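Letter by letter, the sequence shown follows residues 713 to 1038 in the working numbering.
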Amino acid sequence: MQTKLATSVGITLDRFIKKKQNDFAFASGELSQLLRDIALAGKIIHREVNRAGLLNIGGAYGTENIQGEEQQKLDVIANIRFIRALKNGGEVCAIVSEEDDEILDLNNKDGRYIVSMDPLDGSSNIDVNVSIGTIFSIFRRVSPVGSKVTDEDVLQKGSEQVAAGYLLYGSSTMLVYTTGRGVNGFTYDPSLGEFFLSHADMRIPEDGKIYSINEGSYRSLQPKVQQYIESCKDKKYTARYIGSLVADFHRNLLKGGIYIYPSTEKAPDGKLRLNYECNALAMICEQAGGLATDGEKRILDIQPKSLHQRVPFYTGSKKMVEESMK
Ligand code: P6P
């Protein structure tokens, strides 16, 4: 009878990481600390995103990033929060961020990890209260610990990721990540300040009926992509595209679907960045049983040539991605 009075609060992120730490190929404590640092930054950003309208931290910051995109105040804030959390945690030696032109060397001499991140993707949606997200990839450095971080450290193929994940600041804040042994989702309870396991061993349906693409650029798309869109309409699929990659990706992960940001006239290599957007979501999608390609080859097999390299991105249910490539 007593158990009915005090129902379990579930497994916290911390306890889950400790329980699974043998899954991690390297020293267990390193990953625990790294994910804890990311979760801490996520909690802080959750708080700031949810109060943006009240703290006058919405809107444009007045500068542009290397992509020539207008930075929002929360882009800059999120970038600072993650850099500070990862520097103080001590496990990360360098960061590649959408918001910084060059590699950020954290001077953590014992740090063995590289983090590539988009601190706040879709931030132009903040002012209209649409879900936004953080995307992160975790690599092990390849150059000797304590030496200067090299291009080789930060331009590794996605298949070399030791972990990857995203935070979604939506109707609830979630952390979804993989260390290469499946995908697990955690929901944040602000009243307790903890992430709790809410989506264990996430699997994407093998097929789906949702397609996510900006049809406004239809006329500038390659005929193959136009034909795929037409085939979705012929099958009376549902079009869902909210202009926030993490939110569209997460919905398709749960329900089945495909997200496409293809090559367009305006963006011949697509818009999304290989290092800190596509690689992480590709690892998660594959770990959940889906596919992620550039329209021809596996995203995780692409050798990055530059920090902010863009690639076309097709990701989601296995059968839908295969169909889109025919
Ligand atoms: P478009 C946001 O800027 C973003 O990087 C993704 O979150 C989103 O899916 C895409 O760009 C939207 O781009 O060109 O369709 O407005």
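C-beta: ideal position from N, C-alpha, C; glycine also. From a predicted model like this one, the values you see are computed outputs, not experimental measurements.
Report the rounded CA-to-CA distance for residue i versus residue j, giving the unit in angstroms.
{"i": "residue 825", "j": "residue 843", "result": "29 Å"}
{"i": "residue 822", "j": "residue 920", "result": "45 Å"}
{"i": "residue 998", "j": "residue 747", "result": "20 Å"}
{"i": "residue 988", "j": "residue 717", "result": "45 Å"}
{"i": "residue 928", "j": "residue 990", "result": "22 Å"}
{"i": "residue 732", "j": "residue 810", "result": "30 Å"}
{"i": "residue 1036", "j": "residue 856", "result": "42 Å"}
{"i": "residue 760", "j": "residue 885", "result": "12 Å"}
{"i": "residue 893", "j": "residue 934", "result": "36 Å"}
{"i": "residue 939", "j": "residue 923", "result": "13 Å"}
{"i": "residue 982", "j": "residue 994", "result": "16 Å"}
{"i": "residue 776", "j": "residue 813", "result": "11 Å"}
{"i": "residue 925", "j": "residue 951", "result": "8 Å"}
{"i": "residue 1001", "j": "residue 850", "result": "20 Å"}
{"i": "residue 956", "j": "residue 840", "result": "12 Å"}
{"i": "residue 1009", "j": "residue 895", "result": "23 Å"}
{"i": "residue 722", "j": "residue 966", "result": "21 Å"}
Mind checking which residues open and close the alpha helix (DSSP H) that includes residue i?
{"i": "residue 896", "result": "Element bounds for residue 896: not the alpha helix (DSSP H) but the beta strand (DSSP E), 895-901."}
{"i": "residue 849", "result": "Element bounds for residue 849: not the alpha helix (DSSP H) but the beta strand (DSSP E), 844-852."}
{"i": "residue 992", "result": "991-999"}
{"i": "residue 1037", "result": "Premise fails: residue 1037 is in no alpha helix (DSSP H) and is neither H nor E."}
{"i": "residue 726", "result": "725-732"}
With C-beta atoms as the reference, is residue i less than 8 Å away from residue j?
{"i": "residue 1016", "j": "residue 968", "result": "no"}
{"i": "residue 909", "j": "residue 958", "result": "no"}
{"i": "residue 932", "j": "residue 978", "result": "yes"}
{"i": "residue 1025", "j": "residue 973", "result": "yes"}
{"i": "residue 1034", "j": "residue 984", "result": "no"}
{"i": "residue 793", "j": "residue 757", "result": "yes"}
{"i": "residue 866", "j": "residue 878", "result": "no"}
{"i": "residue 946", "j": "residue 954", "result": "no"}
{"i": "residue 1006", "j": "residue 1014", "result": "yes"}
{"i": "residue 786", "j": "residue 799", "result": "no"}
{"i": "residue 992", "j": "residue 815", "result": "no"}
{"i": "residue 1012", "j": "residue 870", "result": "yes"}
{"i": "residue 890", "j": "residue 875", "result": "yes"}
{"i": "residue 1044", "j": "residue 970", "result": "Past the boundaries of the shown model lies residue 1044; the chain is included only from 713 to 1038, so the question cannot be answered."}
{"i": "residue 805", "j": "residue 861", "result": "yes"}
{"i": "residue 907", "j": "residue 724", "result": "yes"}
{"i": "residue 834", "j": "residue 745", "result": "no"}
{"i": "residue 905", "j": "residue 755", "result": "yes"}
{"i": "residue 838", "j": "residue 783", "result": "no"}
According to DSSP, is residue i part of a helix, a strand, or is it coil?
{"i": "residue 747", "result": "helix"}
{"i": "residue 963", "result": "helix"}
{"i": "residue 753", "result": "helix"}
{"i": "residue 741", "result": "helix"}
{"i": "residue 1019", "result": "coil"}
{"i": "residue 981", "result": "coil"}
{"i": "residue 763", "result": "coil"}
Taking only heavy atoms of the ligand NAP into account, decide whether any of them is closer than 7 Å to the Cβ of residue i.
{"i": "residue 932", "result": "Because the ligand NAP does not appear in the structure shown, any question about it cannot be addressed here, the ligands present being the ligand P6P."}
Identify the continuous beta strand (DSSP E) that holds residue i and give its terminal residues.
{"i": "residue 1003", "result": "1003-1005"}
{"i": "residue 972", "result": "970-973"}
{"i": "residue 1027", "result": "1025-1028"}
Does residue i come within less than 8 Å of chain C when only Cβ atoms are used?
{"i": "residue 807", "result": "The structure shown contains no chain C; it holds only a single protein chain."}
In chain order, each alpha helix (DSSP H) run of at least 4 residues that lies wholly inside the region 858-935: 863-866
Please specify which runs of the beta strand (DSSP E), each continuous and at least 3 residues long, are wholly inside the region 769-830, giving them in chain order. 772-776, 782-784 and 804-809
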